[in-house]
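Undergrad:
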């Protein structure tokens with residue numbers, strides 16, 4: 001199986017303090033699906049291969065210099 005994993009970053013001071021995972025909006029989701037499908041075709045992967053798109057969200061606290069990492073499995077339907 002194939003897992004495509006975009007990474008979304010966020011830190012203090014982002015507009016509206018939007019969570020990193022919320023930055024993966026509908027347009028980005030559509031682009032990720034098309035990119036994954038194109039990659040599968042270009043690399044001649046079997047048509048029945050299982051694939052999913054996970055999202056890794058990283059929020060950085062600039063004061064403490066610590067990061068909070070969240071993994072959303074199969075976050076985007078393809």
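In full-length UniProt numbering, the protein residues as written are 1 to 78. Note that the Cβ used here is the ideal one computed from N, Cα and C, for glycine as well.
1. Under the DSSP definition of a beta bridge, which residues are partnered with residue 68?
2. Can you tell me whether DSSP reads residue 7 as helix, strand or coil?
3. According to the Cβ coordinates, are residue 60 and residue 6 closer than 9 Å?
4. Only counting the same chain, and skipping five residues up and downstream in sequence, which positions put a Cβ closer than 7 Å to that of residue 20?
5. What is the DSSP secondary structure of residue 73, counted as helix, strand or coil?
6. Where does residue 49 fall in DSSP's three states?
7. In angstroms, rounded to a whole number, what distance separates the CA positions of residue 69 and residue 30?
TA: With the given structure in hand:
1. 59
2. strand
3. no
4. 8, 9, 10, 57, 58 and 59
5. strand
6. coil
7. 23 Å
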